[in-house]
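Participant:
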Amino acid sequence: MDPLSAFFTLLFVIAIRMVFPPESGSVNRMRLIALTALLLAFCAACTPTLHGSAAGRPASDTLDESSARLRAMQLSEVSYELDMQLDAGSPEYRGEVIIRFGFNSRGAPLTIDFGGGTVEAMSVNGGSFKAADYNGFFITVPAAALRAGSNDVRIRYRHPWSTESSGLFRFTDPEDGRSYVYTDFEAYAANRAFPCFDQPDIKASYTLGVEVPASWQVISATRETRVSDSGDTRRWTFARSARFSTYLFSLHTGEYQVWEDREARIPSRLFARHSIAAHVPVDDWFRWTRAGFGFFEDYFGIAYPFLKYDQVLVPEYASGAMENVAAVVFDENLVGRGQLTATARETIANTILHEMAHMWLGNLVTMQWWNGLWLNESFANFMAFLALAEATEFRDAWHSFYASEKTWAYRDDARATTHPIEVVVADARSSFANFDGISYGKGAAILKQLYFLLGPEAFRSGVSAYLRERAWRNARLEDFVAALAQASGRNLDAWTREWLLAAGTNTVRATVQCTAGQLQSLTLLQSAPAARPQLRSQRLEVALYREGDGSPYQVIDTVVAGASSAVSIPGQIACPDFVWPNHRDWAFARLGLGPADLDFLQRNLMQFDDPLMRNMIWQTLWHMVEDGTLALPDFLQLALQFEAAEHDPRTLASIHYRIAAAFDLALRIGAAGGLPVAVPELMQQLRRDAWWEVLTAAAASDSQKIWLDHYLRIAGGEEDLAILARLLGEDRETLGWSLDQPRRWTLLGYLAAGGYPGALQLAQAERARDPSSSGELAWLGVQAALPELP
């Protein structure tokens with residue numbers, strides 16, 4: 030029993046003795062004994078529930094929340110002194126770590142996470158310690174081996190290189206034989222590189238010494254203080270870092286190409302493999318980085334909290350990027366191996382800003398446990414688009430936000446697998462179990478909606494206050510919401526319940542009543558799926574349109590709440606021909622359209638000036654297909670009517686995405702024998718039109734590439750496959766430019782999936798032409814796409 034339980038037991042025993050004094054007789058004495066025994070059993074049973082039990086921690090490759098809570102109460106003032114020896118030719122690396130910490134046993138032993146390694150020697154407070162209690166997942170140190178207050182544990186170990194990108198991963202470039210190493214520790218993989226307390230709410234400082242081959246660069250959270258030569262190796266020594274969580278520590282090393290930004294106020298470098306260096310837009314990269322620092326420091330009112338900023342493009346990375354403190358890694362596929370389109374450049378800038386936003390919310394202020402991961406990512410997602418729109422050349426970035434994040438969120442929220450944004454995460458391994466369009470896309474969308482509900486300045490003030498109050502510490506969702514509530518003067522309890530704790534998307538429909546051409550009433554009707562009946566409050570703008578007009582003649586700012594919300598009409602307003610209740614995309618909601626609205630759109634869809642508006646309309650039309658309120662042939666007919674007239678690249682790409690989805694739906698319906706007669710001919714006409722647009726677009730333009738990628742996705746039948754095979758064998762004859770390597774592999778994948786004769790032989794020839802690591806992965810993908818494996 031821990032001291033707290035013992036204290037409460039004593040209080041209860043005293044109370045019972047007052048109720049049943051000993052002199053009151055043998056019956057009461059028996060009752061006293063029985064009640065006391067029950068109380069002691071109760072407290073003993075409750076102790077693990079309240080505080081966790083290291084002795085009862087499951088032997089597995091994860092950390093459960095109760096064990097993490099116990100350990101967080103046991104420890105204080107943690108630091109790591111890490112020394113490592115890395116040899117690219119060895120199957121293992123070696124290291125030694127000294128962990129210093131304050132300790133309060135809480136009546137339980139201490140566990141040190143270390144997954145899949147070998148402990149060679151260990152000492153505790155200077156005395157030798159047999160690490161017999163190492164189960165391959167963590168080391169258990171009995172409380173008796175530690176002292177109250179300051180302790181140090183020294184562990185000498187070795188560990189195999191990671192083969193799955195998490196932990197310490199090694200890669201050898203097949204093109205030039207150079208070696209590259211990087212770390213990826215989120216959520217629970219720092220312990221695969223060195224023994225540690227691997228949980229977000231045990232922040233620590235780090236010092237690092239590492240011995241590597243003499244030709245290697247080494248990058249970590251701080252800059253090196255000394256590099257000393259020793260024959261074929263070099264020893265790099267790094268300054269002590271600030272305090273942050275283990276999943277944010279990093280060690281990247283290898284024969285990287287390095288660039289340094291001479292214009293940067295904050296020391297900034299960029300690293301990449303030599304074999305892809307020619308494809309990296311270095312000047313743009315540094316320019317977007319500088320813009321991000323300027324925006325975020327001003328917005329948060331807090332200077333960048335670390336001493337330098339390195340960014341590393343790495344191969345075979347399992348996710349898009351990772352916000353390691355001052356040493357961010359990016360999947361090198363972000364830059365590709367072809368000419369960058371405007372959309373690709375915006376994506377690079379967005380990713381740079383997303384990871385940079387984490388330096389404040391995520392690294393300076395860190396979630397207490399992994400249930401806070403959604404806020405960590407959603408906030409960075411929202412802030413990246415805000416910075417794009419206000420600090421870079423991508424001023425219409427909110428259109429990209431709609432086209433990517435919100436459509437992803439709408440799609441996942443309509444599925445049976447949807448879930449609330451805020452969920453319970455029982456253990457570290459489960460942190461990514463619900464990491465999808467809800468926790469990432471919808472989370473960012475509701476933050477955008479909250480931004481408009483509170484007002485931009487109140488939102489900014491609340492975020493700044495939150496970061497200042499919790500700097501260098503951990504925080505929970507309640508802390509974030511409380512800061513916004515205080516800054517805005519608005520109670521956000523109901524907002525939290527509606528938006529974070531309930532799944533599902535509402536539908537908003539506008540109804541009007543007019544007399545003599547004048548608008549008399551405007552009502553917003555809100556509904557919810559039967560399985561998820563929660564109605565929500567949110568601020569939005571209602572736009573009123575006349576036939577043939579490109580922009581609204583009236584926009585009304587209002588709040589929708591409950592099943593029916595009357596909109597206040599400002600003065601005398603003409604009756605609208607069309608009402609759009611989500612002007613500028615403030616709200617997170619599906620929109621309901623009636624037959625008159627569809628008739629209006631059939632006449633006026635391309636009349637809308639705003640490409641975001643047109644994109645939202647296409648999304649709504651596709652929602653109607655999904656809901657069964659718009660027939661598939663009618664949707665395809667609208668696409669055939671309007672797609673060639675669309676010149677905005679994001680809206681056009683969105684139309685193409687939905688056409689491809691419609692083709693997939695048609696194939697499923699056809700397999701069940703219920704496909705309408707008109708659909709196959711509409712599909713074939715859409716294919717012919719797509720190929721015509723490829724042929725008539727300006728050579729190598731973004732438009733031509735958008736149409737080509739679309740044609741590749743919807744191609745079907747012998748005629749289309751023959752065109753693809755011809756493109757692969759040509760140089761510039763048809764397109765006016767040579768296909769870049771990624772598109773060559775994409776084309777081969779479609780040939781293989783379509784059963785084109787000789788697809789395997791063409792892919793084998795391409796493999797010889799492209800010996801890169803990405804080429805090898807693409808070759809495996811082509812084999813998998815064949816109707817029959819070779």
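Residues in the sequence shown are numbered consecutively from 30, following my numbering. Quick reminder that beta carbons are idealized off the backbone N, C-alpha and C, glycines included. Since the model is a prediction, treat every value here as computed from it, not as a measurement.
Is Pro171 helix, strand or coil by DSSP?
Facilitator: Note: Pro171 maps to coil in three-state DSSP.
Participant: Where Leu68 and Ala172 are concerned, what is the direct C-alpha to C-alpha distance, given to the nearest angstrom?
Facilitator: Low confidence applies here, because Leu68 scores a pLDDT of 39, under 50, leaving its location unreliable; read the following figure in that light. Spanning the two alpha carbons is a distance of roughly 26 Å.
Participant: Put Gly699 into one of helix, strand or coil per three-state DSSP.
Facilitator: Helix.
Participant: Does the contact criterion of 3 or more C-beta pairs under 8 Å hold for the stretch 549-556 versus the stretch 438-453?
Facilitator: Touching, no.
Participant: The alpha helix (DSSP H) that contains Asn180, what's its start and end?
Facilitator: Note, Asn180: premise wrong, no alpha helix (DSSP H); beta strand (DSSP E) at 178-189.
Participant: Rounded to whole angstroms, what's the CA-CA distance from Glu805 to Ala378? Just pull it up for me.
Facilitator: Roughly 28 Å between the two C-alpha positions.
Participant: Where does His448 sit, in a helix, a strand or coil, going by DSSP?
Facilitator: DSSP places His448 in coil when its eight states are reduced to three.
Participant: Using the rule of at least 16 other Cβ atoms within 10 Å of the residue's Cβ for burial, across every protein chain shown, is His676 buried or exposed?
Facilitator: Answer is exposed; the Cβ neighbour count stays below 16.
Participant: Report yes if the CB atom of His308 is closer than 8 Å to the CB atom of Gln286, and no otherwise.
Facilitator: Against a cut-off of 8 Å, the Cβ pair of Gln286 and His308 comes out as no contact.
Participant: To the nearest angstrom, how far is it from the Cα of Pro229 to the Cα of Thr91?
Facilitator: Straight-line Cα distance between these residues: approximately 13 Å.
Participant: Given 8 Å as the limit, is there contact between the stretch 92-111 and the stretch 192-212, that is, 3 or more CB pairs closer than that?
Facilitator: No: fewer than three Cβ pairs fall under 8 Å.
Participant: Is Thr266 near Arg252, with beta carbons less than 8 Å apart?
Facilitator: Not a contact, by the Cβ cut-off of 8 Å.
Participant: Decide if Met151 is buried, meaning its Cβ has at least 16 other Cβ atoms within 10 Å, or exposed.
Facilitator: Result: buried.
Participant: Whose C-beta lies closer than 7 Å to the C-beta of Glu149 among residues of the same chain, with five residues either side of it excluded?
Facilitator: Hits under 7 Å: Arg185, Tyr186, Arg187.
Participant: Taking the alpha helix (DSSP H) that Ala776 falls in, what are its first and last residues?
Facilitator: Before going further, note that residue 776 is Leu rather than Ala in the sequence given. 770-782 is the extent of the alpha helix (DSSP H) around Leu776.
Participant: For Trp314, count neighbouring Cβ atoms within 10 angstroms of its own Cβ and tell me buried if that reaches 16, exposed if not.
Facilitator: When all chains shown are included, Trp314 counts as buried.
Participant: Rounded to the nearest angstrom, what separates Met351 and Ile381 at their Cα positions?
Facilitator: Using only the alpha carbons, I get a separation of about 10 Å.
Participant: According to DSSP, is Phe200 helix, strand or coil?
Facilitator: Looking at Phe200 - three-state DSSP - the assignment turns out to be strand.
Participant: Inspect the beta-carbon positions of Ala7 and Trp399 and report whether they are closer than 8 Å.
Facilitator: There is no way to answer for residue 7, as the model of the chain reaches only from 30 to 819.
Participant: Short of 6 Å in beta carbon distance, which residues of its chain neighbour Asp227, apart from the five on each side in sequence? Order them along the chain.
Facilitator: Counting only Cβ-Cβ distances below 6 Å, and skipping sequence neighbours, we find Asp142, Tyr217, Ala219, Asn220, Thr275.
Participant: Just to check my reading of the structure: Leu506 and Glu451 have Cβ atoms closer than 8 Å, yes? What is that Cβ distance to the nearest angstrom?
Facilitator: Indeed, because the Cβ distance is near 6 Å, the residues count as touching under 8 Å.
Participant: Any contact between the stretch 423-434 and the stretch 672-686? By contact I mean 3 or more CB pairs, one from each, below 8 Å.
Facilitator: A contact exists between the stretch 423-434 and the stretch 672-686.
Participant: Under a three-way DSSP split, which group does Glu382 fall into?
Facilitator: Going by the sequence as given, residue 382 is Leu instead of Glu. If DSSP states are grouped into helix, strand and coil, Leu382 belongs with the helices.
Participant: Comparing alpha-carbon positions, which option in Arg444, Ile598, Ala729, His281 lies nearest Val357?
Facilitator: With distances taken between Cα atoms, Val357 lies closest to His281.
Participant: Determine the extent of the alpha helix (DSSP H) in which Asp718 is found, giving its start and end residues.
Facilitator: Here the alpha helix (DSSP H) through Asp718 covers 707-725.
Participant: In the DSSP assignment, the alpha helix (DSSP H) including Phe322 goes from what residue to what residue?
Facilitator: Counting along the chain, the alpha helix (DSSP H) containing Phe322 begins and ends at 311-329.
Participant: Could you say which of Tyr779, Trp528, Thr540, Ala572 lies nearest to Leu564 if we only look at CA atoms?
Facilitator: Out of Tyr779, Trp528, Thr540, Ala572, Trp528 has the C-alpha closest to the C-alpha of Leu564.
Participant: Using beta-carbon positions only, say whether Tyr480 and Phe488 come within less than 8 Å of one another.
Facilitator: Yes, the pair counts as a contact, with Cβ atoms nearer than the cut-off.
Participant: Note down, one range per segment and in chain order, each beta strand (DSSP E) of at least 3 residues found wholly within the stretch 568-621.
Facilitator: List check, beta strand (DSSP E) in window: 583-589, 593-595, 607-609.
Participant: Can you tell which of Val210, Ala426, Ser566, Gly401 has its C-alpha closest to the C-alpha of Phe411?
Facilitator: The shortest Cα separation from Phe411 among Val210, Ala426, Ser566, Gly401 belongs to Ala426.
Participant: What distance in whole Å lies between the Cβ atoms of Val537 and Tyr608, which are believed to be in contact at a cut-off of 8 Å?
Facilitator: It should be pointed out that residue 608 corresponds to Val in this sequence rather than to Tyr. Val608 to Val537, Cβ: 11 Å. No contact.
Participant: Under 8 Å: do the stretch 717-728 and the stretch 760-772 share three or more Cβ pairs, one atom per stretch?
Facilitator: Enough Cβ pairs lie closer than 8 Å, so yes.
Participant: Looking at the structure shown, is Leu69 part of a helix, part of a strand, or coil, going by DSSP?
Facilitator: Residue placement at Leu69 is flagged as unreliable, the pLDDT there being 37, under the threshold of 50; the coordinate-derived value follows with that caveat. In the structure shown, Leu69 sits in a helix (DSSP, three-state: H, G or I).
Participant: Heavy atom of the ligand HEM less than 7 Å from the Cβ of Ala781, yes or no?
Facilitator: Of ligands this structure carries none, so the ligand HEM is not represented either.
Participant: Which residue's Cα is closest to the Cα of Gln478: Arg613, Asp578, Gly136?
Facilitator: Comparing Cα-Cα distances from Gln478 to each of Arg613, Asp578, Gly136, the minimum goes to Arg613.
Participant: I need the boundaries of the beta strand (DSSP E) containing Glu289, first residue and last residue.
Facilitator: That run of the beta strand (DSSP E) goes 286-289.
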